[in-house]
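Notes for the one structure printed next.
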Amino acid sequence: MEEILNNINEDDLLLCLSPSLTGQVKKLAQSGLDYNAIGNSIANFPITGLITKGNSAWDKEIWKNVKIELVKIFCTEDTEYDKLRGELKEKSLGLKDGIIPLITLAINNVFGVTAGFIAPFVIIGILMFVKVGKEATCNYLKAEHGL
Amino acid sequence: MGMVLPIATLNEDKVIENFLGSATVLKQKGNSLLLVTCAHLLNNQLNPIIIYPPHSGILSNLQSYPQAAFKFSPVEVLDINPLLDLVFLKLNGIEGLITLPSLLDDFQKIEVGESVVVLSYPFAPLGSVLETFHPCFVSAKGLRIISPELGVKELILTYHAHTGSSGGGVYSQKDGKLCGIVRGALAISDTLRIGNIPVGTDSSVTFAISTEEFIKDVTYYINQF
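Sequence order for the protein chains is A and B. Quick note: the first sequence, position 2, residue 2 per my numbering, numbers continuous. Quick note: to get my numbering, add 1000 to the position in the second sequence (first position is 1).
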């Protein structure tokens, strides 16, 4: 799994986000936030601020849940993701049309019904691994979530 | 003008569970529509559907109510942008060509005091699928600060938003262009509720995300259809 992460370019990964979110994540990074803080900020956003009218169905645990699944994928031998690990070893996989959809779908199968909701968080989570390195990120996330 | 449709969710038995609010049609490609609604209406555990209202989303048609049953179709969640409070949706199986307005690409082109119209389904969570045409004015232009380097452009409207208005389209009276998506209203925290409906929080300071913030996303998603 380390080889896959090593071959991912940070800028290419950012471009897997929608154009608006790519620009926003870049600006948040410029303001000094690391990708974990950016994920936290984005996951909290739809239900914060001055607008309080009505209900919010938004699940702000989404970022935490995605990070826990990424730890299982990249930092453990959890058998739940054996099929995914096999698929990711395919040499010709592209990023936007291969690696990201495969990981998103695999995580989605574990805890959700709608892949579109978690895709940006999967990308920001992988950005953590690409930017800081696999070992450091695994250690950090395991400590953060008591894994 | 544009087309706005009600959005709801299905339960495990494929029966309509909750009406949520409004979803604005952005583009058509072949038999598919690209729509947008508010992220705060949904989460990854919900199965969103689009309701086909009795007037087929055409405001000049008669809207018969109440309805005992509705036709609906599931929609695919393509992507989210939580910072904009938006979810992009794909609806398949559309027959015929729908006339849709263009999107305003420049926030500078809309003025404070300008007349706009909000199309939405107020009180959708009560089960209402009555689409309304609400003329109002741009009362201010806002920049919602997210970080020192990042702000989100918003129209502030005199529109009196209700629960269910979220996701509704804001259209210029001048040229009919879609210029924003309603996302909420400035309100005191609700202390009284009737079911899920907050009471005593009404205000006419309503926020809409500027189309300039997501116009590039529209091309990005429609190219994937």
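Think of the CB as a built atom: it goes at the ideal place given N, C-alpha and C, for glycine as much as any other residue. Every value quoted in this text rests on a predicted model; they were computed, and no experiment measured them.
- Per DSSP, the continuous beta strand (DSSP E) segment holding B:Phe1019 begins and ends at 1016–1029.
- In the same chain as B:Tyr1052, and ignoring 5 residues on each side of it, the C-beta atoms closer than 6 Å to its own belong to Lys1071, in chain order.
- Inter-residue distance for A:Asn36 and B:Ile1181 is about 29 Å (C-alpha atoms, whole angstroms).
- Distance from the Cα of B:Ala1008 is smallest, within the candidate group B:Ile1215, B:Phe1214, B:Ser1166, B:Ile1209, for B:Ser1166.
- Not a single C-beta of chain B is nearer than 8 Å to the C-beta of A:Lys72.
- Between A:Ile103 and A:Val132, the beta carbon gap of about 18 Å keeps them out of contact (Cβ cut-off 8 Å).
- Counting C-beta pairs with one atom in each stretch, the stretch 1170–1187 of chain B and the stretch 1091–1107 of chain B have three or more that are closer than 8 Å, which means they touch.
- Secondary structure in the stretch 22–79 of chain A: the alpha helix (DSSP H) runs of 4 residues or longer, each lying completely within the stretch, are 35–44, 62–75 in chain order.
- For A:Phe121, the enclosing alpha helix (DSSP H) stretches over residues 115–132.
- A check of alpha carbon separations from A:Glu10 across A:Asn109, A:Ile124, A:Lys67 identifies A:Ile124 as the nearest.
- Under DSSP, no beta-bridge partner is assigned to B:Asp1175.
- A straight-line Cα-Cα distance of about 36 Å links A:Asn44 and B:Gly1030.
- Under the three-state reduction of DSSP, B:Lys1090 is assigned to strand.
- Contacts with chain A at 8 Å (Cβ-Cβ) do not include B:Leu1103.
- Chain B has no Cβ within less than 8 Å of the Cβ of A:Lys64.
- Under the three-state reduction of DSSP, A:Gly86 is assigned to helix.
- B:Gly1164 is the residue among B:Ser1204, B:Gly1164, B:Thr1219 whose C-alpha sits nearest the C-alpha of A:Ser56.
- Your pair A:Val71 and A:Lys134 does not check out as a contact, with CB atoms roughly 11 Å apart and the cut at 8 Å.
- Among the residues facing chain A, B:Lys1216 is included, as its CB has a counterpart in that chain under 8 Å away.
- One thing to note: A:Leu33 has its Cβ within 8 Å of the Cβ of A:Ser41.
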